[in-house]
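J.: There's a structure below that I have some questions on.
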Amino acid sequence: MAYWHLLVLAVAAGAIYSDLRWRRIPNWLLLPALLLALVLRGWEGGWPAVWVGLQGWLVGMGLLLLPYLRRGVGGGDVKLLGVLGACGGPLFALHTFLLGAVLGGLVLLYLLVRRSLLRPALRVAWWEFLLPGSLPLSSGLFFPYGVCFALGGVLALWW
1 MAYWHLLVLA VAAGAIYSDL RWRRIPNWLL LPALLLALVL RGWEGGWPAV
51 WVGLQGWLVG MGLLLLPYLR RGVGGGDVKL LGVLGACGGP LFALHTFLLG
101 AVLGGLVLLY LLVRRSLLRP ALRVAWWEFL LPGSLPLSSG LFFPYGVCFA
151 LGGVLALWW
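When you line the sequence shown up against UniProt numbering, it's residues 1 to 159, in that order.
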């Protein structure tokens with residue numbers, strides 16, 4: 001198991017605990033993890049490996065920039081995906097994002113069905129498809145999405 005696998009597991013565990021308990025992922029967890037990921041990359045592969053880590057960080061942050069601006073995810077979720085991308089590189093960030101999005105979609109579907117909100121949510125989504133910008137796309141449900149991205153990072157280790 002590579003060092004960055006252990007770092008991903010540690011960051012994911014901390015993010016899951018923090019997001020479930022306080023509904024936020026603190027900078028004191030993410031900033032040291034980012035620096036450690038880049039230092040370990042540099043130690044293992046020199047500047048080219050650091051550059052790959054920075055690319056992963058940018059890809060991870062970039063993938064969640066639009067959802068963040070539309071208030072679909074929080075800032076901690078954006079930084080978490082960036083840190084996970086710094087650990088594994090740009091392709092790992094993409095895999096983490098995809099797996100986290102699928103997990104988040106499944107959680108949202110469960111919550112919509114459980115609270116009998118699936119039909120109204122589908123109606124809003126249909127009108128948004130036909131007339132973009134016509135209705136707000138908020139279901140009113142909030143859940144700790146960082147947990148989904150953290151689990152997506154753990155699953156992406158074996159992708």
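In this text, a Cβ means the ideal position worked out from N, Cα and C, and glycines have one as well. Please read all numbers here as calculations on a predicted model, not as lab measurements.
(1) Let's test the definition: count the other Cβ atoms within 10 Å of the Cβ of residue 232 and tell me whether it reaches 16, buried, or not, exposed.
(2) If I measure Cβ to Cβ from Leu-40 and keep anything under 6 Å in the same chain, skipping five residues before and after, which residues do I get?
(3) Given this structure, state the Cα-to-Cα distance separating Leu-118 from Leu-109, to the nearest angstrom.
(4) When burial is assigned at 16 or more other CB atoms within 10 Å of the CB, is Ala-125 buried or exposed?
(5) Along the chain, which unbroken stretches of the alpha helix (DSSP H) at least 4 residues long are found entirely within the region 28 to 87?
(6) Note down, in chain order, each residue of its chain lying with its Cβ closer than 6 Å to the Cβ of Leu-36, except the 5 sequence neighbours on either side.
(7) When the Cα atoms are used, what is the spatial distance from Leu-38 to Cys-87?
(8) Secondary structure at Gly-89, three-state DSSP: helix, strand or coil?
(9) Could you give the first and the last residue of the continuous alpha helix (DSSP H) run that contains Ser-18?
(10) With a threshold of 7 Å on Cβ separation, who are the neighbours of Gly-153 within its own chain once the five nearest residues in sequence on each side are excluded?
(11) What span of residues does the alpha helix (DSSP H) with Leu-151 cover, start to end?
(12) If you compare alpha carbons, which of Leu-91, Leu-6 and Val-73 is closest to Trp-159?
T.: Straight from the coordinates:
(1) What is shown of the chain runs 1 to 159, which leaves residue 232 out entirely.
(2) Tyr-3
(3) If I take the Cα positions, the gap works out to 7 Å.
(4) exposed
(5) 65 to 69
(6) none
(7) The alpha-carbon atoms of Leu-38 and Cys-87 are separated by roughly 7 Å.
(8) Coil, per DSSP.
(9) 3 to 22
(10) Val-8, Ala-12, Leu-84 and Thr-96
(11) 145 to 156
(12) Leu-91
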